[in-house]
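The numbers in our numbering rise by one with no breaks, and the one at position 87 of the sequence shown is 88. First comes the structure, then the notes that go with it.
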Amino acid sequence: MSQYYEQNSTKSNVQDHDVIMRGRRLLDITGVKQVESFDNEEFLLDTVMGFLAIKGQNLQMKNLDVDKGVVSIKGKIFDLVYLDDQHGDKAKGFFSKLFR
Numbered sequence: 002m003s004q005y006y007e008q009n010s011t012k013s014n015v016q017d018h019d020v021i022m023r024g025r026r027l028l029d030i031t032g033v034k035q036v037e038s039f040d041n042e043e044f045l046l047d048t049v050m051g052f053l054a055i056k057g058q059n060l061q062m063k064n065l066d067v068d069k070g071v072v073s074i075k076g077k078i079f080d081l082v083y084l085d086d087q088h089g090d091k092a093k094g095f096f097s098k099l100f101r
């Protein structure tokens, strides 16, 4: 029974999505399906709630746990934006900048 519980709790944890920021210097994000791209100024994450763009300065991936869907980012955070269907052109512009 404990094996059944572990499998189901893992699945439910993947569906949770939390963004926890500590002092604009450390960001912990759960519910991450994939890290699409990143550099020291921008991260693009595919989360269970849509694409999340993070902009800042001296950004670094502190921790990545793909199985649990957890990402930790450190650096100076300027901006957090969800890119979904409502942002249409803004999302396209963001993606075109990333893939030039």
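Cβ atoms here follow ideal geometry from the backbone N, Cα and C, with glycine treated the same way.
Do residue i and residue j have their C-beta atoms within less than 8 Å of each other?
| i | j | result |
| --- | --- | --- |
| Leu-27 | Lys-75 | yes |
| Val-36 | Val-71 | no |
| Val-20 | Leu-81 | yes |
| Ser-73 | Asp-29 | yes |
Is residue i helix, strand or coil by DSSP?
| i | result |
| --- | --- |
| Ser-3 | The pLDDT assigned to Ser-3 is 42, lower than 50, so where the model puts this residue is not dependable; a value taken from the coordinates is nonetheless given after this. Ser-3 falls in the helix class under three-state DSSP. |
| Gln-16 | helix |
| Gly-89 | Any reading at Gly-89 must be qualified, since the residue scores a pLDDT of 48, below 50, and its modelled position is unreliable; no value is offered. |
| Tyr-83 | strand |
Assuming the contact rule is C-beta atoms closer than 8 Å, residue i and residue j should be a hit. Round their C-beta distance to whole Å, please.
| i | j | result |
| --- | --- | --- |
| Lys-77 | Gln-58 | 4 Å |
| Val-67 | Gln-16 | Actually they do not touch by this definition, with Cβ atoms about 15 Å apart. |
| Glu-42 | Lys-56 | 6 Å |
Give the list of continuous beta strand (DSSP E) stretches no shorter than 3 residues that lie fully inside the segment 18-81.
Taking 3 residues as the shortest admissible run, the segment 18-81 contains the following complete beta strand (DSSP E) segments, listed from N- to C-terminal end: 20-23, 27-30, 33-39, 43-48, 51-66.
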